[in-house]
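The numbering of the sequence shown is the working numbering, which starts it at -10 and goes up by one.
To start, the structure under review is shown below, and the notes come after it.
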Amino acid sequence: MQDIDRKLTVSMREAVDRAEKITVATHLHPDGDAIGSSVGLLCYLKSLGKDACIVLDDKYPESLGFIARRAGKDILVYEENPTETLEAISRSDLVFCLDMNSFTRAERLGETLRKSGGGKILIDHHLHPDSGMFDIVFSETEISSTSELLYYILLSTPEIDGDAGKLPEGAAEALMTGMTTDTNNFANSVYPSTFRMASELLAAGTDRDAIIDALYTNYRENRFRLMGEMLKDRMKITSSGVAYMVIDSGMKSLYDIRDGETEGFVNLPLGIRKVRMSLLLKEEDDRFRVSIRSKKGISANRCAMEFFNGGGHEQAAGGRLIKGRDLSEKPDVREVSEYVEMCTEKFFNGKYE
Ligand code: 5GP
Ligand code: MN
């Protein structure tokens, strides 16, 4: 990663000082990095005495409750409280967008965020940031996570001044959590700066064992029962080395699957030598949500952009599948499988790699 531009940190601190009300927004279906970075920033803003809150389109998974609870009442969810959530954005005079490269990633909050009258600051690690829409942009793709980027930004502020031990209560744990989930517990996107952050946070007393326990030893049994069935009977592998699994609504209700409980499934087929790219498609009310992971040299991002109206990172991306030119219909499972086979075949033979 590049060193943090101190001039940007100064501008950010001035904007924070000027602001009365601040909102912190992140992407739809918030993951550990989205919640970890948002809560980390909220803790910092609160330590400066600011009136700040986090706004989400939809609820975070229960597995991240141990971090999200740090925000107390200052976390508003559109699907639970639409009016209050949009009003909080409209009333704020400074908006931070974290772990997303454009307003549209906040889905139903996107338009209100874009139209909000105050300053706008982006802190993100995705490809292709929509930089023109923001007053201050911290964008770095050679980094594990937004949580790591925020860690180094906070370290460059006068309050923290390079000392992880001075991070406000809750921030260290939140940032360590976001970095841990986005690297899949140090398996991918790990840089020298990532280990440095982990090392400094450990030295400052962050309880990593408790984080690992909360994240990885607390699942409900049904997740593993579904995982077993998916791997045994439902994973398909195409001749071009694409593994894909479709979890339809029937499977979700059969195994009583909640948000976040299939996290990590998409990575599993990459353990097979011949698999070059893995896709997981999960049925939602009006679409199939798509997760893509690829081995080095193959661009999951490109595949997501080209065929699934999405994006992300080179090796980890996502998108959605909606049927029809007007994007109004949802395909059935057979059509989903046909589409995946057709487009991944095109992807590999059309030299999209
Ligand atoms: P996941 O598969 O874990 O949901 O997402 C992997 C990566 O792809 C994340 O960095 C996420 O932000 C990105 N991503 C997931 N869904 C979408 C999408 O619909 N649009 C875009 N632009 N990125 C996505
Ligand atoms: Mn992230």
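Built from N, CA and C at the ideal position, the CB exists for glycine as well.
It should be emphasised that the depicted structure is a prediction, and the values quoted were computed from it without experimental measurement.
Under 8 Å, do residue i and residue j count as touching if we go by C-beta distance?
| i | j | result |
| --- | --- | --- |
| residue 137 | residue 56 | no |
| residue 133 | residue 180 | yes |
| residue 141 | residue -7 | yes |
| residue 235 | residue 259 | no |
| residue 11 | residue 81 | yes |
| residue 275 | residue 319 | yes |
| residue 92 | residue 110 | no |
| residue 115 | residue 301 | yes |
| residue 13 | residue 159 | no |
Tell me whether residue i, by its Cβ, gets closer than 7 Å to a heavy atom of the ligand ZN.
| i | result |
| --- | --- |
| residue 280 | Annotation note on the ligand ZN: not contained in the displayed structure, which lists the ligand 5GP and the ligand MN as its ligands. |
Does residue i come out as helix, strand or coil in the three-state DSSP assignment?
| i | result |
| --- | --- |
| residue 43 | strand |
| residue 219 | helix |
| residue 284 | coil |
| residue 333 | helix |
| residue 344 | This structure cannot speak to residue 344, because the chain is shown only from -10 to 342. |
| residue 184 | helix |
| residue 224 | coil |
| residue 312 | strand |
| residue 75 | helix |
From residue i to residue j, what distance separates their C-alpha atoms?
| i | j | result |
| --- | --- | --- |
| residue 73 | residue 99 | 15 Å |
| residue 251 | residue 233 | 14 Å |
| residue 303 | residue -4 | 29 Å |
| residue 8 | residue 53 | 29 Å |
| residue 78 | residue 84 | 8 Å |
| residue 298 | residue 147 | 41 Å |
| residue 183 | residue 253 | 20 Å |
| residue 208 | residue 5 | 38 Å |
| residue 157 | residue 151 | 13 Å |
| residue 188 | residue 206 | 23 Å |
| residue 145 | residue 210 | 43 Å |
| residue 131 | residue 41 | 29 Å |
| residue 330 | residue 239 | 22 Å |
| residue 334 | residue 107 | 46 Å |
| residue 305 | residue 283 | 7 Å |
Could you give the C-beta distance for residue i and residue j, rounded to a whole number, given that I count them as a contact under 8 Å?
| i | j | result |
| --- | --- | --- |
| residue 63 | residue 31 | 6 Å |
| residue 67 | residue 97 | 5 Å |
| residue 139 | residue 112 | 6 Å |
| residue 279 | residue 308 | 5 Å |
| residue 167 | residue 21 | 5 Å |
| residue 0 | residue 125 | 5 Å |
| residue 244 | residue 215 | 4 Å |
| residue 237 | residue 273 | No, residue 237 and residue 273 are not in contact; Cβ-Cβ is about 10 Å, not under 8 Å. |
Check whether the Cβ of residue i lies closer than 8 Å to any Cβ atom in chain D.
| i | result |
| --- | --- |
| residue 12 | Considering every chain present, this structure includes no chain D. It has just one protein chain. |
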